[in-house]
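S.K.: Those sequence lines, one after another, are chains U and Z.
Numbered by the working numbering, the letters in the first sequence go through residues 163 to 504 in order.
Numbered by the working numbering, the letters in the second sequence go through residues 163 to 504 in order.
Mind looking over this structure? Questions follow.
2 protein chains.
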Amino acid sequence: MSARQDPPSRPTIIHVARAAGVSKSTVSRVLQGDTASVKPETRQAVARAIRKLGYEQNAIASSLRTARTHTVMLIAPDIANPFWSEVTRGLQDTMEHSGYSVVVGNGDWDPHRESQFLKTAQRNRFDGIAINPTIIHCRELRATGIPTVILGIRDGFPQIDMAGSDTYRGTLDALAYLYKMGHRRIGFIYGRYNTDPGYARFQAYADFVKRNHLRADSSLIVEVPFDRAGGERGMQTLLSLSKPPTAVFASNDILAIAAMQRAAQLGVKVPGDVSIVGMDDIYPAAMTTPPLTTMAKQKYEVGCQAAQFLIERIAGKAPREGRRCVLPCRLVERGSCAPSRG
Amino acid sequence: MSARQDPPSRPTIIHVARAAGVSKSTVSRVLQGDTASVKPETRQAVARAIRKLGYEQNAIASSLRTARTHTVMLIAPDIANPFWSEVTRGLQDTMEHSGYSVVVGNGDWDPHRESQFLKTAQRNRFDGIAINPTIIHCRELRATGIPTVILGIRDGFPQIDMAGSDTYRGTLDALAYLYKMGHRRIGFIYGRYNTDPGYARFQAYADFVKRNHLRADSSLIVEVPFDRAGGERGMQTLLSLSKPPTAVFASNDILAIAAMQRAAQLGVKVPGDVSIVGMDDIYPAAMTTPPLTTMAKQKYEVGCQAAQFLIERIAGKAPREGRRCVLPCRLVERGSCAPSRG
DNA sequence: CAATATATTGGGAACGTTCCCAAAATCAAT
DNA sequence: ATTGATTTTGGGAACGTTCCCAATATATTG
């Protein structure tokens, strides 16, 4: 049909060898920076040939032979959430610094997609996996045979490295902060996960109530999906209680911000009528009115640390047992909290 | 040293063949879904063997043979900006839907990194590239020999597909909106790019001024870097003018939001004392106080369209000349603008 | 200078697929 | 049963590297 011109196929190591008057073995050595076992002159000659031909190494062929792809997969539940963007950046910067590329899979809270990505990682022989598992279990992860790190702190993954935040402690501290301001009826907008991470917050809330001898009032806990609509609905529910809370802790900033907006719509003043504390400290938290007081997580650092773990494990320099790096949270006081007027 | 157990090497197509009592060719055919030329029974037998051995195809080997990787690279200047997160999501969703993985490279406004990513794409024989070029030129892009789509509308890339927003028209409309509200002194916070995209806005501003016979006052144009600090500085500069503008158009929402915050810090009321219009409509724009009026871009859709172009071009189903898809902007009126009191 | 050690190099097998082509099996028609 | 067409299968050469091992060139020593 159309006289499709043959795409000028890229030069291979063999073309380079020919041009430099050496064998492909030698070229390969130069390519790998094996400075010890190749004479400087030949080295030069090869380099010249490479430049002249515009040769680019074929990573595919290399990977096939070495069984290393220098690529890892990141599986996060929701890249649209700035929280994960930040974690991703940390991971990516660190991985790239060590010569790895990062493929990011957006799980989108869909269990099917999650295991789909796992398969992709397997087929493509990725060197590592960083994942915040929503539904995937330990055995499936280990069955891949690929070095793995978990983003977040989870039970039930004994042999796997984990990097995350101290959500339990952070939640406790956030609640203590409100308590110290005189709040005794504290609502809890509880983002629902299928698995533990939400649970740490829940646990902390329960422990807090017990420890301070507050009356356990289950109507103060509302469970909602982890999105904007969830936050709005949560606040709505809490405020329409016959005895609404004077303060609210939300599982994350997305929920907290939405809650704050809904409060405003209902004519309830923040922090005058109700105080709000969020968690994560995502980028938009600083620009709401009032700016959101929140328990900040070290997002970028979590990503970096996870990458570090992963790199070591890939290199086989990690201990058999799983390590965990738990970074503390830190309260960022802005304008969404005030002393209770009770 | 340590008795490292041999990792149980994955089964290959040959193991499957052996188990099913057929040749590797036949297994390969089954794998590729070549339903026409393999007898249903053998097909079944192979499928059984695959399941039994837990075989996973080696995409690397496959790629080496077929010269197709089913992977594309996205190079964006700043993934932390929610604008790019959205575009990325659109691209990713569409690409994944067609069986492609997406590697995202965060250019971080660093020209060196940008061409570094290009090299990576080349070495890994990625099937496609989607890029918002900040410094890279057309020839370098074409020299890769990889099908490419540009995110955004640019001059100087004649043969390359582009998907983006009508920034020129959008800017014009935003300014017209302010004009209709009675504003005659309109400031322009001009995000600096090395290349055109900022320029479309600049051009529009200049044309607008001329067309409406406004006095060309260069002190109303401040050029700043494309980040939060830039926005704050820009606003500061404009407000300290002896005759400050009554309205400001900012190149994007990051700048606009920062500008708004700086105004508030300086005790200048928005929109009472100064109106502000942004561009992009990123996620945080809705939660500022007042919420930001902005010229919305169809971020997700741009990503989808770019993916579509790329997929077609990879398949060789695209015309030789570059196509362009220009999506219109749409004004989202929120609370940061008010009629001029002049 | 011979003999040995050491620094460089080259040849070829392997990695796990795909794909061409030929071989074998099946079917249809005489 | 024979021929020919058609379906289904198998064998082996690629793809572009790396890496082992052997071969050669060079340096060192007596």
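In this text, a Cβ means the ideal position worked out from N, Cα and C, and glycines have one as well.
Here the structure is a predicted model, which is why all the values come from computation and not from measurement.
1) Which residues in the same chain have their Cβ closer than 7 Å to the Cβ of H345 (chain U), if we skip the five residues on either side of it in sequence?
2) How about the stretch 277-289 of chain U and the stretch 251-258 of chain U: do they share at least three Cβ pairs that are nearer than 8 Å?
3) In chain order, what residues of the same chain have a beta carbon less than 6 Å from the beta carbon of G332 (chain Z), not counting five sequence neighbours either side?
4) Find the residues of chain U that neighbour P446 (chain Z), judging by a C-beta separation of less than 8 Å, and give them in chain order.
5) On the DSSP bridge list, what partners appear for E385 (chain Z)?
6) Is V178 (chain Z) buried or exposed, if buried means 16 or more other CB atoms sit within 10 Å of its CB?
7) Helix, strand or coil for D442 (chain Z) per DSSP?
8) In whole angstroms, give me the CA-to-CA distance for D168 (chain U) and N268 (chain Z).
9) Within 10 Å of its beta-carbon, does T231 (chain Z) have 16 or more other beta-carbons around it, so buried, or fewer, so exposed?
10) Tell me the start and end of each unbroken beta strand (DSSP E) in the stretch 239-301 of chain U that is at least 3 residues and wholly inside, in chain order.
11) Alpha carbon to alpha carbon, how far is P481 (chain Z) from R166 (chain U)? Give it in angstroms, no decimals.
12) Looking at S498 (chain U) and P452 (chain U), is the spacing between their C-beta atoms short of 7 Å?
13) Where does R354 (chain U) land, buried or exposed, given buried means 16+ other C-beta within 10 angstroms?
14) Taking C-alpha atoms, which residue in U:L417, U:A469, U:E302, U:C300 lies nearest to M441 (chain U)?
15) Give the residues of chain Z in contact with P244 (chain U), contact being defined as C-beta atoms less than 9 Å apart.
16) I want to verify the contact list: residues of chain Z whose CB lies under 8 Å from the CB of E218 (chain U), in sequence order.
17) Taking 7 Å as the CB-CB cut-off, is I222 (chain U) touching chain Z?
18) To be precise: take each residue of the stretch 470-493 of chain Z, compare its Cβ to all Cβ atoms of chain U, and keep it if any distance is under 9 Å. Which residues remain?
19) Going along the chain, which residues of its own chain have a beta-carbon closer than 6 Å to the beta-carbon of I298 (chain U), five neighbours each way excluded?
20) Got a sec: is the Cβ-Cβ distance from V265 (chain U) to anything in chain Z below 7 Å?
21) CA-CA distance, L253 (chain Z) and A468 (chain U)?
22) Can you check whether the C-beta of L337 (chain U) is within less than 7 Å of a C-beta belonging to chain Z?
23) Of all the CB atoms in chain U, is at least one closer than 7 Å to the CB of I291 (chain Z)?
24) Take T188 (chain Z) as the anchor and find which of Z:R172, Z:S171, Z:Q206 has the nearest alpha-carbon.
25) Which same chain residues, not among the five before or five after I473 (chain U), have their C-beta less than 6 Å away from its C-beta?
26) Could you check what DSSP says for L236 (chain Z) in three-state terms: helix, strand or coil?
27) Is L226 (chain Z) close to chain U? Criterion is C-beta to C-beta, closer than 7 Å.
28) Which residues, in chain order, does the stretch 452-463 of chain U contribute to contact with chain Z at a C-beta distance below 7 Å?
29) So, with DSSP's three-state summary, where would you put T456 (chain U)?
30) Name the residues in the stretch 417-433 of chain U whose C-beta lies less than 7 Å from a C-beta of chain Z; which are they?
31) Between Z:N243, Z:D289, Z:D240, which lies nearest to V264 (chain Z) when the distance is taken from Cα to Cα?
32) Tell me the residue span of the beta strand (DSSP E) that contains I312 (chain Z).
M.R.: Well, looking at it:
1) Answer for H345 (chain U): T408, A409, S437, S502, listed in chain order.
2) Segment contact: the stretch 277-289 of chain U against the stretch 251-258 of chain U, fewer than three CB-CB distances shorter than 8 Å; contact not assigned.
3) The answer, listed in chain order, is M457, C491.
4) Within chain U, the residues Y445, P446, M449 have their CB atoms less than 8 Å from the CB of P446 (chain Z), given in chain order.
5) In the DSSP output, where bridge partners are listed per residue, E385 (chain Z) has Z:Y352.
6) Buried, since its Cβ has 16 or more Cβ neighbours within 10 Å.
7) Of the three classes helix, strand and coil, the one that applies to D442 (chain Z) here is strand, per DSSP.
8) Unreliable placement is indicated for D168 (chain U), whose pLDDT of 45 sits below 50; the coordinate value is still reported in the next sentence. Approximately 33 Å between the Cα atoms of the pair.
9) T231 (chain Z) should be labelled buried.
10) DSSP runs (the beta strand (DSSP E)) wholly in the stretch 239-301 of chain U: 263-268, 290-293.
11) Per-residue confidence for R166 (chain U) stands at a pLDDT of 34, beneath the threshold of 50, marking its modelled position as unreliable; the derived number appears in the next sentence. Distance from the CA atom of R166 (chain U) to the CA atom of P481 (chain Z), rounded to whole angstroms, is 13 Å.
12) Result yes, Cβ atoms of P452 (chain U) and S498 (chain U) sit closer than 7 Å.
13) The residue in question, R354 (chain U), is exposed, as its Cβ has fewer than 16 Cβ neighbours within 10 Å.
14) Here the closest residue by C-alpha is U:L417.
15) Ordered by position in chain Z, the residues that pass the 9 Å Cβ test against P244 (chain U) are A242, P244, S247, Y445, P446.
16) What E218 (chain U) touches in chain Z: K281, Q284, R285.
17) At least one chain Z Cβ lies under 7 Å of I222 (chain U).
18) Per Cβ criterion, the list reads G478.
19) E276.
20) Yes, because at least one Cβ of chain Z sits closer than 7 Å to the Cβ of V265 (chain U).
21) Each residue's Cα considered, the two are about 26 Å apart.
22) By this cut-off, L337 (chain U) is not an interface position.
23) So, not an interface residue.
24) Nearest to T188 (chain Z) by C-alpha distance, out of Z:R172, Z:S171, Z:Q206, is Z:Q206.
25) So the qualifying residues of the chain are S260.
26) Strand, per DSSP.
27) L226 (chain Z) counts as touching chain U.
28) Taking a C-beta cut-off of 7 Å against chain Z, none of the residues of the stretch 452-463 of chain U qualify.
29) If DSSP states are grouped into helix, strand and coil, T456 (chain U) belongs with the strands.
30) Residues of the stretch 417-433 of chain U that bring their beta carbon within less than 7 Å of a beta carbon in chain Z comprise I419, Q423, in sequence order.
31) Its Cα nearest to that of V264 (chain Z), the residue Z:D289 stands out among Z:N243, Z:D289, Z:D240.
32) In the DSSP annotation of this structure, the continuous segment of the beta strand (DSSP E) that includes I312 (chain Z) starts and ends at 310-313.
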